[in-house]
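Accompanying notes for the structure given below.
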Amino acid sequence: MSRGRLLIVGGGQSGLAAARTGRVRGWEPVVLEAGDEPVGSWPRYYDSLRLFSPRRFSSFPGYPFPGDPDGYPGRDEVVEYLRGYADRLGVEVRTNARVVDVTADGPAFTVELADGSSLVGDALIAASGSFGNPHVPAIPGRGAFEGRVLHVADYRSPEEFAGQRVVVVGAGNSAVQVAHELAEHAETSLAVRDRVRFAPQMIAGRDLHWWLRLTRADLLPPSVLERLVTGTPVIGTDTYKRALEAGRPDQRPMFTALSPDGVVWPDVSREQVDAVIFATGYRPHLTYLTSLGVLDGAGRPRHDRGVSTALPGLGFLGVEFQRSFSSNTLRGVHRDARRVVDALTRLPRGAAVA
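FYI, the numbering for the sequence shown is 2 to 355, going by the numbering used here.
Here it is as structure tokens:
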């Protein structure tokens with residue numbers, strides 16, 4: 002007997018993981034994807050993006066990643082992988098189905114779509130992920146800056162910046178990768194609040210993720226990680242570290258403001274700059290849940306490891322550090338999906354909404 006209809010908002014890696022687990026647990030999943038196909042934000046990432054976890058650790062249950070299991074797939078390979086996975090899931094996936102509002106009435110959730118149609122379900126998982134809402138911090142003088150300002154979400158390749166003066170803001174993997182490739186084409190600086198930290202890709206001949214799995218560090222909850230780790234290290238070979246040490250790109254303290262033609266550095270010196278690229282992360286974009294009162298003042302979900310603490314029958318997937326270090330990654334999202342779907346499954350039938 003079916004548990005009922007499980008509405009899943011978002012058809013990227015989180016939504017597909019939820020759909021697979023929901024089907025296994027006896028639900029009738031319906032995936033609602035705003036885009037043209039269920040591949041999440043992957044097609045919109047920069048051209049050279051490559052996972053820093055090997056294929057063997059980035060595969061979904063029962064669906065190995067094609068290619069060398071110890072190799073690192075690129076952006077387009079991930080897109081093809083998700084397409085193939087969605088095709089074989091055997092669940093209903095509705096594309097171009099943008100959710101604009103969700104309400105709860107008795108034992109049901111009603112989802113309103115942008116085209117004016119609606120859909121009713123017995124439980125709901127918000128799996129629209131953490132990568133659809135680029136975050137650019139407020140910077141004094143930004144409105145007067147006459148150069149180009151963009152988030153790394155809108156960056157594709159370095160060639161369009163050839164011969165320019167570019168500043169990349171951030172100290173994480175994306176910031177360092179983008180600044181490194183830009184330095185081959187443009188005069189590039191990395192503006193950071195704290196100096197870039199590195200974690201080796203290989204340790205004693207094994208990939209870092211092998212050790213994370215062996216030691217179970219990949220499963221550590223955020224509360225523990227915050228005590229053990231300061232910031233997020235850049236994972237890779239010595240290539241990036243050597244490049245920074247050689248000043249290609251150079252690493253500078255974060256600028257204090259933008260001027261009409263450039264940046265103002267902490268020593269109050271000014272420099273002409275053509276473009277500033279922010280690799281400053283993303284924020285949850287869950288405004289479609291506002292009517293339910295399940296978000297905090299900053300728009301973040303109120304939850305316990307992905308299970309809503311404000312409304313029974315509601316779950317979340319794809320939230321950064323939702324449950325562990327590997328949450329919202331290809332290698333970790335299925336673990337989170339099992340916890341969330343199992344929590345929804347344990348609810349008495351007809352009691353999805355309090």
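A virtual CB, placed ideally from N, CA and C, is assigned to each residue, including glycine. Everything numeric in this text was worked out from a predicted model, so none of it was measured.
Secondary structure of H304, DSSP reduced to three states
Locating residue 304 in the sequence shown gives position 303, where the first residue counts as 1. Residue state, collapsed to three classes: strand.
Grouping DSSP H, G and I as helix and E and B as strand, with all else coil, what is P44?
Start at 1 with the first residue of the sequence shown, and residue 44 comes out as number 43. Helix at P44.
Please classify N97 as buried or exposed, where buried requires at least 16 other C-beta atoms within 10 Å of its C-beta.
Position 96 of the sequence shown holds residue 97. Exposed is the call here.
Going by C-alpha distance, which of S131, A205, R166, R198 is nearest A188?
Within the sequence shown, numbered from 1, the residue matching residue 188 stands at position 187. Residue identity differs from the one stated: residue 188 is Glu in this sequence, not Ala. Ranking the options by Cα distance to E188, first place goes to R166.
Just tell me which of A180, A124, R21, G23 has its CA closest to the CA of A280.
On the sequence shown, residue 280 is found 279 positions in, with the first residue counted as 1. Out of A180, A124, R21, G23, A180 has the C-alpha closest to the C-alpha of A280.
Excluding five sequence neighbours on each side, which residues of the same chain lie with their C-beta closer than 6 Å to the C-beta of S328?
Within the sequence shown, the letter at position 327 stands for residue 328. Hits under 6 Å: F322, D337.
Start and end of the beta strand (DSSP E) containing D102?
Indexing the sequence shown from 1 puts residue 102 at position 101. Note, D102: beta strand (DSSP E), 100-105.
Are the CB atoms of F146 and A192 nearer to each other than 8 Å?
Taking the sequence shown and counting its residues from 1, one reaches residue 146 at position 145. Taking the sequence shown and counting its residues from 1, one reaches residue 192 at position 191. For F146 and A192, no; Cβs fall outside 8 Å.
Inter-residue CB distance, W43 and R76 (contact presumed, cutoff 8 Å)
Sequence index remark: in the sequence shown, residue 43 carries index 42 (1-based). Sequence index remark: in the sequence shown, residue 76 carries index 75 (1-based). Contact holds; Cβ gap of about 6 Å.
Are I126 and L7 touching if we call contact CB-CB under 8 Å?
For the purposes of this step, residue 126 is taken as the residue at position 125 of the sequence shown. For the purposes of this step, residue 7 is taken as the residue at position 6 of the sequence shown. For I126 and L7, yes; Cβs fall inside 8 Å.
Following the continuous alpha helix (DSSP H) through E182, name the residue where it begins and the one where it ends.
Mapped onto the sequence shown, residue 182 falls at position 181. Counting along the chain, the alpha helix (DSSP H) containing E182 begins and ends at 174-183.
What are the start and end residues of the alpha helix (DSSP H) that includes V341?
Against the sequence shown, residue 341 aligns to sequence position 340. Residues 334-347.
Pick helix, strand or coil for V92, following the three-state DSSP scheme.
Translated into the one-based positions of the sequence shown, residue 92 becomes position 91. V92: coil per DSSP, three-state reduction.
Own chain partners of P267 with C-beta closer than 8 Å, once the 5 adjacent residues on each side are dropped:
Counting from one through the sequence shown, the residue named residue 267 turns up at place 266. These residues qualify, in order along the chain: P254, M255, F256, T257.
C-alpha distance - P30 paired with F317, whole-angstrom precision:
As a working note, residue 30 is residue 29 in the sequence shown. As a working note, residue 317 is residue 316 in the sequence shown. Each residue's alpha carbon lies about 15 Å from the other.
Tell me which residues share the same chain as A115 and place their Cβ nearer than 6 Å to its Cβ, disregarding the 5 neighbours each side in the sequence.
In the sequence shown, the residue the question calls residue 115 occupies position 114. So the qualifying residues of the chain are R99, V101.
Contact defined as beta carbons within less than 8 Å: I believe V235 pairs with S15. What is the distance between those atoms, to the nearest angstrom?
Position 234 of the sequence shown, counted from the start, is the residue given in the question as residue 235. Position 14 of the sequence shown, counted from the start, is the residue given in the question as residue 15. The pair is not a contact, with the Cβ atoms about 24 Å apart (cut-off 8 Å).
Endpoints, alpha helix (DSSP H) assigned at E147:
As a position in the sequence shown, residue 147 is number 146, starting the count at 1. Run containing E147: none; DSSP gives neither H nor E here.
Can you tell me where the beta strand (DSSP E) holding S119 begins and where it ends?
Here residue 119 refers to the residue found at position 118 of the sequence shown. Counting along the chain, the beta strand (DSSP E) containing S119 begins and ends at 119-122.
Check each candidate in A124, R89, G130 and name the one with the smallest Cα separation from V103.
By 1-based counting over the sequence shown, the position of residue 103 is 102. With distances taken between Cα atoms, V103 lies closest to A124.
So who's on the other strand from L188, going by DSSP bridges?
For the purposes of this step, residue 188 is taken as residue 187 along the sequence shown, with counting starting at 1. What sits at residue 188 in the sequence shown is Glu, not Leu. Bridge partners of E188: R166.
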